[in-house]
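Student: Per the numbering used here, the sequence shown starts with residue 164, numbered consecutively.
I am attaching a structure below and will ask some questions about it afterwards.
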Amino acid sequence: MSVKVISVFSVNEDDPQALAEYLEAAQRLVDRAGGRVVTRFSIRTVHGEGEGHPPPSVLVLEFPDRGRVEAMLSSDGRKALRPLRERAFHDYRLSVTSNVA
């Protein structure tokens, strides 16, 4: 059964080079795991925590199954991206969904 991954993030606009490098490398990981972008959008208004940063963006990905997602998330390739991710984003959160009947 396919699995959706939701990424909510605020871009660090002071380091566009880190963002470009991260997005290129992350796309390769997603591709290898059989994932695809379902949709992406920006949030217009933020209430509560995070008001000091640019409004977050949301990216929804779909993968063939949970095993591929877990393998990607625990891969050495993703672990190696952490320093770059920390430079590219003020805030970055990933959620793996479950189907609710």
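Note that beta-carbon positions come from the ideal geometry of N, C-alpha and C, so glycine has one too.
Could you tell me the boundaries of the beta strand (DSSP E) in which E233 lies?
Tutor: Segment R229 to L236 is the alpha helix (DSSP H) holding E233; no beta strand (DSSP E) there.
Student: Rounded to whole angstroms, what's the CA-CA distance from D239 to S173? Just pull it up for me.
Tutor: 24 Å
Student: Should V221 and R203 be called a contact, given that it needs their Cβ atoms to be closer than 8 Å?
Tutor: Contact: yes.
Student: According to DSSP, is D254 part of a helix, a strand, or is it coil?
Tutor: DSSP places D254 in strand when its eight states are reduced to three.
Student: Could you check how far apart the C-beta atoms of L247 and E176 are, in whole angstroms? I think they sit under 8 Å.
Tutor: The Cβ separation is near 16 Å, so there is no contact.
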